[in-house]
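Each step along the sequence shown adds one to the number in the numbering used here, with nothing skipped, and position 64 is 260. These notes are about the structure you will find just below.
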Amino acid sequence: MEASSPTSARSSARVPSPRIRRSTRTRRRSMSGPDRQRALEQYRRRARGYDRLAPVTLRLRRRAVERLLLGQGQTVLDVACSTGLTFGLIEDQIGPDGHLIGIDLSPEMLSQARERVAANGWRNVTLIESAIEDASIPEVAGAAVFVLTHDVMRSPEALGNVLAHVRPGGRISAAGGKRAPAWALPANLYLRYAMRRYTTTMEGFDRPWRILEGLVPDLAVEQLLLGGAYVAWGTTARDGA
């Protein structure tokens, strides 16, 4: 179940639609990396049913948000936010004075996220429709979270753009599936089937955090579900470090 939004004196007023920004910047993509067009097609087909994943992924989402150590009033980037399944967990921590910025490539996913924001009465959400590497992020955040974003985790450009908009010493967390040990064959077969529905590359699936650990000096990793899932967290480099 999604977490409920904080109450406020303005809760009876009409809730405005969240701000939607669309990036017009483009960049040539390497054919060896994640496939942007294929990702758009995948999520166009699956956006309406995506929230069926909520019960299965709640543990990962909760753990990823816990690792951010959020406080009231913070600005948080939810990277590749899809339908906003993690929004409620973040809103519980940052409160109405915080700012949640959700970024996603898919207009269909963001349409679902917009409905979630309106239904919960959240007034502090900005949604950005853009590839992550091209996103024009409007402010520097105190934290960023990546949940079930394997394509993004395999893109140095995407990770670099996000981390450039997190303050020095800000918190980063990531969570998702990974290749389980060889003895866990049934788990690997299921993961391969499930992940191919929502990712465009299986490259790096043994250590999805490998690129991130080169950017976050103190990255720690916890493996879950018999090695078929992970949560990684750390802090961005401080000035002069």
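All C-beta atoms, glycine included, are put in the ideal place defined by N, C-alpha and C.
Proline 364 and tryptophan 429 have their alpha carbons spaced roughly 15 Å apart. In this structure the segment 315-335 touches the segment 343-358; the number of beta carbon pairs closer than 8 Å is three or more. Residue pairing from DSSP places histidine 295 in a beta bridge opposite Thr271.
For the segment 285-358, the full-length alpha helix (DSSP H) segments reaching 4 residues or more read 303-316, 346-349 along the chain.
In this structure, valine 343 keeps its C-beta atom at 8 Å or more from the C-beta atom of alanine 425. Going by beta carbons, arginine 367 and aspartate 402 fall outside the 8 Å limit.
If you draw a 10 Å sphere on the C-beta of leucine 381, you find fewer than 16 other C-beta atoms in it, and that means exposed. Secondary structure of glycine 410 (DSSP, three-state): coil. Spanning the alpha carbons of serine 369 and alanine 340 requires a straight line of approximately 7 Å.
Residue range 250-262 is occupied by the alpha helix (DSSP H) that includes arginine 258. Less than 8 Å separates the beta-carbon of alanine 337 from that of threonine 271. 8 Å or more divides the Cβ of asparagine 320 from the Cβ of histidine 361. Put simply, the backbone Cα of proline 334 is about 21 Å away from that of glycine 284. Arginine 234 counts as exposed, since fewer than 16 other C-beta atoms from the protein chains shown sit within 10 angstroms of its C-beta.
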